[in-house]
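Just so you know, the protein sequences line up as chains R and F, in that order.
For the first sequence, the working numbering assigns the number 1 to the initial residue and increments by one for each residue that follows.
For the second sequence, the working numbering assigns the number 342 to the initial residue and increments by one for each residue that follows.
Beta carbons: idealized from backbone N, C-alpha and C, even for Gly.
Computed from a predicted structure; not experimentally measured.
Number of protein chains: 2
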Amino acid sequence: MSKLGSAPTLDDVAKLAGVSTATVSRCLNNPDQVVKATRQRVQSAVDALGYMPNFAARVMAAKRSSTIGAIIPTMENAIFARGLQAFQEELHQHGYTLLVSSSAYKPEIEEEQIKTLVARGADGLLLIGHDRNPQIYENLERWNIPALVAWSYLPDGQLPCIGFDNRAAMAELANRVIGLGHRRIGVISGISAGNDRARLRIEGVQDAVRQNDLALSDLTIIETPYEIENGAAAFSGLMAQDMPPTAILCGNDVLAVGALHRAQEMGLNVPGDVSITGFDDIELARIVTPRLTTVHVPHREMGRRAASELIGMLENQAGGSGKRLDTRIVERQSLGPPADS
Amino acid sequence: MSKLGSAPTLDDVAKLAGVSTATVSRCLNNPDQVVKATRQRVQSAVDALGYMPNFAARVMAAKRSSTIGAIIPTMENAIFARGLQAFQEELHQHGYTLLVSSSAYKPEIEEEQIKTLVARGADGLLLIGHDRNPQIYENLERWNIPALVAWSYLPDGQLPCIGFDNRAAMAELANRVIGLGHRRIGVISGISAGNDRARLRIEGVQDAVRQNDLALSDLTIIETPYEIENGAAAFSGLMAQDMPPTAILCGNDVLAVGALHRAQEMGLNVPGDVSITGFDDIELARIVTPRLTTVHVPHREMGRRAASELIGMLENQAGGSGKRLDTRIVERQSLGPPADS
DNA sequence: ATGAAAAATGCAAGCGCTTACATAACGACT
DNA sequence: AGTCGTTATGTAAGCGCTTGCATTTTTCAT
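Structure follows, in structure tokens:
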């Protein structure tokens, strides 16, 4: 046994089992290359010592880590939770481990986290959305690290992507809202700078407004970080206007829940007095009262597909193809016709 | 520059800067040991190459990773989110990185995750709760890895801990409920096997029942995994009894929200027809209608203190002392007197 | 039995970094 | 100018593992 008070090494196991370190290594990684008797002897040595291979050493020697890194904008709410869960389940099935970190929606933190993850030996990366410093894409290429974008589908992105058409999805919802008779529309969006999902969702609303020949002046857009309180504050702002909107489209469910909450505090009936919609269809959307009408995103499928795509890129050295997934509107209780129609 | 399509190494930087690798290493880790002119030369080489130190190599050579591992029971809801956030902020301030993984409340997965984290070079570990295979404590000692328990304070735990008295906190709440006149009480608990927090909270209710001379037969306890749907199902079960409880104490806010939701689906008024309480005071508790009466846990303080305690254990090789934090009942809207009183 | 192919094992060279130790460079005093 | 104490830098030995290649053992057809 090696120095006391420190984990046993391959060498310790090899000595105990009376074989070379190479054999022990093979026992652990390619058991079928080792004859059964030896394998058992090694196994008992491993058990006896409570041996665990040192990951850093393994990564160095093998020059791969079987680890995938993911940088998501936030862990504070459940937006990415379900998709990431599916992503990780699929990875696990193929023998990969997931390392997650969050960027707090800040580009410079994302950049740092990417470097950290690469330095930690990530074999591949999952990124959310397309908007980022081009330098990052260059580095990824230079380091030869395969990466995949999720949560946003763009046919001509820098990287292969598995996602949905944020713009079209939001336009569809906005069309539905306008179709119900709403004319004055409010939008509570996330900060669009450096966030293509937020930006495209806004553009989707604008598309619908134009298509229906509404005045752009009837559209009020507020951008605010994705937090419940901010949704509430933005709602207050929107309703304080001379002619407040009759429908408010929120950039995601979190903002919508904030708006909903504030509406109730103000004694407003939803959707009687004002309609509110979300985006993402996270669990919360079904729990609040009234239940939120929102855009359903196939989180689990997206996560699963992203994983297999990325693994494909890793193992076949291939380019990766990308895939657009479909969203659909989930009609629940928070959207109705305007009061004065 | 090294082989194309692969990250640059210390050697590349050293050559470009015309110094030895040792000097480059010192520039990065102990800049004040290097004279300014050299330092600048090295810095430009680093910038020019986009160099990032290889973490695995660094860990191997330095025999420490400045990484702390945390294994939490779940990431699927926000129970641990706020505390962990504070934990990680504090770690970050001291130059440590946090690696998180989740055990899905399964002891065997937790055990595996601990090994994984240690194999990955974690210098220290944060664990949730005390109940686990004693073997784990032995291994931690054998490997010489400092570990700290949070979310549960036990004066005589195996490991130093930063947490609160789950039993007393729940007893206090139960006393309050009984004080309001409730006699038939339901408990929707998490699975208590291998989960001291769940177990102690149940015991807390039992303590209060005994103290107030209620019959133990008036207490119905259901154990179910911590998920919203399970809270709802358990609520149905409880209310289907001959003499349904007038107050239901839930093991945490997630279960309580599920119960609340089901109550509404059943057309029951909370707290008019039945009272429901939670535990933890996560964000959700303030968002649901009616707002949840629950036990407030000082998550952020717990996270922060856990971090500094653990860092202390790491850097002073000291034992770590532990600390009991206070909880308090947050009276909101979901608890009232029983209907028939 | 015998030899050649196949299977199992051992040997040893790194992987990219840190760090004790050795050496060189620099000043500040006689 | 010569000496010594500092300070800056270089040298090289690993850290624990994987893996190509060399070597030994087994297997099996003849």
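Segment limits, alpha helix (DSSP H) that includes residue i
i                    : result
phenylalanine 505(F) : Premise fails: phenylalanine 505(F) lies in the beta strand (DSSP E), 502-505, not in any alpha helix (DSSP H).
isoleucine 652(F)    : 640-657
alanine 573(F)       : 569-580
glutamate 39(R)      : The amino acid occupying residue 39(R) in the given sequence is arginine; glutamate does not appear at that position. Element bounds for arginine 39(R): 36-49.
isoleucine 287(R)    : 284-287
leucine 596(F)       : 594-606
arginine 370(F)      : A small correction: the amino acid at residue 370(F) is asparagine; arginine does not occupy that position in the sequence shown. Segment 362-370, the alpha helix (DSSP H) holding asparagine 370(F).
phenylalanine 55(R)  : 55-62
Integer Cβ distance of residue i from residue j, believed to fall under 8 Å
i                 : j                 : result
alanine 488(F)    : leucine 458(F)    : Incorrect: roughly 10 Å between the Cβ atoms, too far for contact.
proline 414(F)    : serine 444(F)     : 6 Å
alanine 427(F)    : glycine 644(F)    : 3 Å
leucine 468(F)    : isoleucine 412(F) : 6 Å
threonine 630(F)  : valine 671(F)     : Actually they do not touch by this definition, with Cβ atoms about 16 Å apart.
proline 586(F)    : isoleucine 526(F) : 5 Å
alanine 422(F)    : threonine 668(F)  : Alanine 422(F) to threonine 668(F), Cβ: 18 Å. No contact.
arginine 291(R)   : arginine 262(R)   : That pair is no contact at about 17 Å.
isoleucine 276(R) : serine 236(R)     : Wrong, their Cβ atoms sit about 13 Å apart, outside the cutoff.
alanine 597(F)    : glycine 572(F)    : 6 Å
arginine 538(F)   : serine 493(F)     : 5 Å
isoleucine 222(R) : alanine 240(R)    : Going by Cβ atoms, the distance from isoleucine 222(R) to alanine 240(R) rounds to 11 Å, so no, they are not a contact pair.
glutamate 110(R)  : arginine 132(R)   : 7 Å
threonine 207(R)  : arginine 167(R)   : Note on identity: in this sequence residue 207(R) is aspartate, with threonine being the wrong assignment. Rounded, the Cβ-Cβ distance is 7 Å, consistent with contact.
Bounding residues of the beta strand (DSSP E) (the contiguous stretch that carries residue i)
i                : result
histidine 296(R) : 294-296
leucine 351(F)   : Note, leucine 351(F): premise wrong, no beta strand (DSSP E); alpha helix (DSSP H) at 351-358.
lysine 664(F)    : 664-666
glycine 69(R)    : 67-72
threonine 618(F) : 616-618
valine 671(F)    : 669-671
alanine 588(F)   : 588-591
Beta-carbon gap between residue i and residue j smaller than 8 Å
i                 : j                    : result
lysine 666(F)     : phenylalanine 505(F) : Rather than lysine, the amino acid found at residue 666(F) in this sequence is leucine. In contact: leucine 666(F) and phenylalanine 505(F) (Cβ atoms closer than 8 Å).
serine 358(R)     : glycine 129(R)       : Outside the displayed range of chain R (1 to 341) lies residue 358(R), so it cannot be described from this structure.
valine 13(R)      : arginine 26(R)       : no
proline 155(R)    : glycine 319(R)       : no
alanine 348(F)    : methionine 401(F)    : no
proline 678(F)    : leucine 440(F)       : no
valine 205(R)     : leucine 214(R)       : no
glutamate 90(R)   : serine 308(R)        : yes
glutamine 541(F)  : valine 550(F)        : The question names glutamine, but residue 541(F) in the sequence shown is leucine. In this structure, valine 550(F) does not lie closer than 8 Å to leucine 541(F) by Cβ.
isoleucine 543(F) : arginine 646(F)      : no
alanine 62(R)     : asparagine 395(F)    : no
isoleucine 68(R)  : leucine 310(R)       : yes
proline 31(R)     : arginine 41(R)       : no
tyrosine 105(R)   : asparagine 212(R)    : no
serine 442(F)     : glutamine 454(F)     : yes
alanine 397(F)    : alanine 56(R)        : yes
Any non-hydrogen atom of the ligand MN within 7 Å of residue i CB
i                : result
histidine 523(F) : For the structure depicted, the ligand MN is absent and the ligand set is empty, with no information on it obtainable.
Do the region 299-319 of chain R and the region 354-364 of chain F make contact, defined as three or more Cβ pairs closer than 8 Å? no
Could you pull out every unbroken alpha helix (DSSP H) segment of at least 4 residues lying fully inside the region 144-223 of chain R, listed in chain order? 166-179 and 196-211
Is it a yes or a no for the region 525-532 of chain F touching the region 560-567 of chain F, going by three-plus beta-carbon pairs under 8 Å? yes
Across the region 504-520 of chain F and the region 476-486 of chain F, are there enough close Cβ pairs to call them in contact, namely three or more that are closer than 8 Å? no
In chain order, which continuous runs of the beta strand (DSSP E) of length 3 or greater are located wholly inside the region 423-471 of chain F? 438-443 and 465-469
How do the region 607-624 of chain F and the region 418-427 of chain F stand: do at least 3 beta-carbon pairs fall below 8 Å, yes or no? yes
Is there contact between the region 375-390 of chain F and the region 581-594 of chain F, where contact requires at least three CB pairs shorter than 8 Å? no
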